[in-house]
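*Asks:*
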Amino acid sequence: MGDFKNYCYAALLAAPWIGVQTIWATEFGILEGILKAYGLPQSLASLTWIFGPLTGFFVAPVVGASSDSCQSRFGRRRPFIITGLLLTILFSLTFAFSDSIGPTQPIKLAIAFVSFIMLDITINIMQTPLRALGSDLAPHGFQVAVQLFAAFFQGIGGCIGFLIMKNFSHAHPQELPAVFLIVMAINLFLISFVCLVVKEKQYIKRGPKPGAFSSMSNAFKGILNMDKKLAIVCAAEFFSWAALFAWWPSAESWWSENLYGGCIYDEARPSLCPIGSPGYLANDNGATAYGNSGIYANLVQAVFSVTLSSTLYFGILKKVNIPYFLCLAIGGAILIYSKIGAQSEQTGYIVTILMAIPVSALNSFPFALVGKYNEDKPANETGLQMGILNIFICMLQILTTFAVSYLTSAYGQMGIPWTLFGAGICFGIAAFFALIVVDADKDIPDIDFDYSLKYSK
1 MGDFKNYCYA
11 ALLAAPWIGV
21 QTIWATEFGI
31 LEGILKAYGL
41 PQSLASLTWI
51 FGPLTGFFVA
61 PVVGASSDSC
71 QSRFGRRRPF
81 IITGLLLTIL
91 FSLTFAFSDS
101 IGPTQPIKLA
111 IAFVSFIMLD
121 ITINIMQTPL
131 RALGSDLAPH
141 GFQVAVQLFA
151 AFFQGIGGCI
161 GFLIMKNFSH
171 AHPQELPAVF
181 LIVMAINLFL
191 ISFVCLVVKE
201 KQYIKRGPKP
211 GAFSSMSNAF
221 KGILNMDKKL
231 AIVCAAEFFS
241 WAALFAWWPS
251 AESWWSENLY
261 GGCIYDEARP
271 SLCPIGSPGY
281 LANDNGATAY
291 GNSGIYANLV
301 QAVFSVTLSS
311 TLYFGILKKV
321 NIPYFLCLAI
331 GGAILIYSKI
341 GAQSEQTGYI
351 VTILMAIPVS
361 ALNSFPFALV
371 GKYNEDKPAN
381 ETGLQMGILN
391 IFICMLQILT
401 TFAVSYLTSA
411 YGQMGIPWTL
421 FGAGICFGIA
431 AFFALIVVDA
441 DKDIPDIDFD
451 YSLKYSK
């Protein structure tokens, strides 16, 4: 009975990820179309998403380090989570009502663009403390379960975001208020409920309180001073996310151009792909098929994550090394297959849906390992180390963006399969590091956990 209670509590701690992933899925689905509707050129609109990793590179580790030393009577993580939630609601609504607020197109564009950048910052303010809260309050032996539930709920959130966008046209600013009111209502309910139900005890640290600059300094000193265990996890993250950020920006183009043989309409040279031409229609059909495959991928991620979590509950899965390795190896194999296999719709569905497996692993195992490494340490640095993981994620997103842009510019349609092939190689390297990670799991007897933060006065 105690195990089942702990298992349910682990699911509760991860529930806010439904809302967070719904935000990301919705933002990715509408951003480019909205900015183009406000007059931003295609060449600039396609680069706007790079602000996510740029802001995350700095915000996540600083917020993580700051939350580690927070001495609020409400706990270390919840003040940051609630602050991030309120700011996210504020800038979401500003973005959503940009069409009504701005009197002219340039002002509407400026409001939407600034709100989007601020949204990326505020979401990162929520994310790192949410990861750390799950790690702090996870019952002994349930670190992996909490993070697998997070991956499960991210899959659910991705499905919800996709279904919301299916009911909107993606490119009409007048529809934004309805979209974001739904998304923010989901986040407000889930995050508020979890923050009210879970209990953190006040963390009291002897000595002077650290200032803002010391939190920033600690965040980046943590990279230089991290131990070997964390360095191996970061190496696996480095190559894994290099693969993902080669896949995600290229996937829709691969479907539309390589699998469906479509072409992209260019306002500067409209004769190359006229509106209504077979190539233009094929491009649209490919994009639609890719979107449909995405909903299946999110469902597979949800099912796969909860299945792994169930193996923990029944004692089948004890260590994360082998499943972590296998998930990344599968990612490498299917991306290499995307280059050497038949360029067909069937291949597209196989690759896109099975990519849910490595994504599930990357949204759970690395964060679970960080939680394990800090589980019994009196000087807990979970927030800082979660932020350090984010640095390695964001670093690769920035670098990979430019690499993918170069390949597609230099080689056009033929460069996309080679981009995916290179991503498969990166997953293979990451799988090696996953195999040698140090799993700090211990044999701990079953106990009734008191569901409170492990720090008190």
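Just so we're aligned, residue 1 is where the sequence shown starts under the UniProt record's numbering, counting upward by one.
Beta carbons are placed, not taken as given, at the ideal position from N, Cα and C, and that holds for glycine.
Here the structure is a predicted model, which is why all the values come from computation and not from measurement.
For Gly-157 and Ile-18, what's the separation of their Cα atoms in angstroms?
*Replies:* So the alpha carbons of these two residues sit roughly 4 Å apart.
*Asks:* CB-CB under 6 Å to Gly-428, same chain, minus the five flanking residues each way: which ones, in chain order?
*Replies:* If we look at Gly-428 and ignore the five residues flanking it on each side, its Cβ neighbours are Gly-332.
*Asks:* Drop a sphere of 10 angstroms on the beta-carbon of Gly-371, count the other beta-carbons inside from all chains shown, and report buried for 16 or more, exposed for fewer.
*Replies:* With 16 or more Cβ atoms within 10 Å of its Cβ, Gly-371 is classed as buried.
*Asks:* Of the residues Gly-415, Gly-341, Asn-292 and Arg-77, which one's Cα is nearest the Cα of Met-126?
*Replies:* Taking only the C-alpha atoms, the option nearest Met-126 is Arg-77.
*Asks:* If you check the beta carbons only, do Leu-389 and Cys-234 fall under 8 Å apart?
*Replies:* Result yes, Cβ atoms of Leu-389 and Cys-234 sit closer than 8 Å.
*Asks:* Specify the secondary structure class of Lys-319 as computed by DSSP and reduced to three states.
*Replies:* Of the three classes helix, strand and coil, the one that applies to Lys-319 here is coil, per DSSP.
*Asks:* Could you check what DSSP says for Lys-372 in three-state terms: helix, strand or coil?
*Replies:* It is helical.
*Asks:* How would you call Cys-394, buried or exposed, if buried means at least 16 neighbouring beta carbons within 10 angstroms?
*Replies:* Its Cβ being crowded by 16 or more others within 10 Å, Cys-394 is buried.
*Asks:* Flag this pair as yes or no: are the beta carbons of Gly-262 and Ala-289 separated by less than 8 Å?
*Replies:* In this structure, Ala-289 does not lie closer than 8 Å to Gly-262 by Cβ.
*Asks:* Count the other CB atoms, across all protein chains shown, that sit within 10 Å of the CB of Arg-269; report buried if there are 16 or more and exposed otherwise.
*Replies:* When all chains shown are included, Arg-269 counts as exposed.
*Asks:* Per DSSP, Lys-229 forms a beta bridge with which residues?
*Replies:* Beta-bridge pairing links Lys-229 to no other residue.
*Asks:* Roughly how far, in whole angstroms, is the beta-carbon of Ser-305 from the beta-carbon of Gly-286, given that I think they are within contact range, below 8 Å?
*Replies:* So it is not a contact: roughly 28 Å between Cβ atoms.
*Asks:* What number of angstroms, rounded off, separates the C-alpha of residue 464 from the C-alpha of Leu-299?
*Replies:* With the chain represented from 1 up to 457, any question about residue 464 goes unanswered, as that position is not in the structure.
*Asks:* How is Lys-339 classed by DSSP in three states: helix, strand or coil?
*Replies:* The answer is helix: DSSP assigns Lys-339 an H, G or I state.
*Asks:* For residue 464 and Leu-272, I'd like the C-alpha separation in whole angstroms.
*Replies:* Residue 464 lies beyond the range of the chain shown here (1 to 457); nothing can be said about it.
*Asks:* Going by beta-carbon coordinates alone, are Ile-330 and Ile-357 separated by less than 8 Å?
*Replies:* Yes, Cβ-Cβ distance for Ile-330 and Ile-357 is below 8 Å.
*Asks:* With a threshold of 7 Å on Cβ separation, who are the neighbours of Pro-445 within its own chain once the five nearest residues in sequence on each side are excluded?
*Replies:* Confidence in Pro-445 is poor, its pLDDT being 38 and thus under 50, which makes the residue's placement unreliable; the coordinate value appears in the next sentence. Excluding positions up to five away in sequence, the list is empty.
*Asks:* Grab me the residues of Ile-120's own chain with a C-beta within less than 6 Å of its C-beta, minus the 5 sequence neighbours each way, in chain order.
*Replies:* Per the sequence shown, residue 120 should be read as Asp rather than Ile. Once the five neighbours on either side are set aside, the close Cβ partners of Asp-120 are Phe-51, Gly-52 and Thr-55.
*Asks:* Are the Cβ atoms of Ala-15 and Phe-153 separated by less than 8 Å?
*Replies:* Yes, these two residues count as a Cβ contact at 8 Å.
*Asks:* Residues in its own chain within less than 6 Å of Phe-365 by CB, not counting five upstream and five downstream?
*Replies:* Closer than 6 Å at Cβ, skipping near neighbours: Val-320 and Tyr-324.
*Asks:* Note down the Cα distance separating Gln-343 from Leu-259, rounded to an integer number of angstroms.
*Replies:* Taking the straight line from one Cα to the other gives about 5 Å.
*Asks:* If we count Cβ pairs, one from each stretch, closer than 8 Å, do we get three or more for the stretch 244 to 253 versus the stretch 408 to 428?
*Replies:* The stretch 244 to 253 vs the stretch 408 to 428: in contact.
*Asks:* Measuring alpha carbon to alpha carbon, tell me which residue in Pro-41, Pro-129, Phe-58 and Gln-21 is nearest Ile-398.
*Replies:* Ranking the options by Cα distance to Ile-398, first place goes to Phe-58.
*Asks:* Between which two residues does the alpha helix (DSSP H) carrying Thr-26 extend?
*Replies:* Run containing Thr-26: 17 to 37, per the alpha helix (DSSP H) assignment.
*Asks:* For the alpha helix (DSSP H) holding Gln-301, just list the boundary residues, first then last.
*Replies:* From DSSP, the alpha helix (DSSP H) with Gln-301 extends over 278 to 313.
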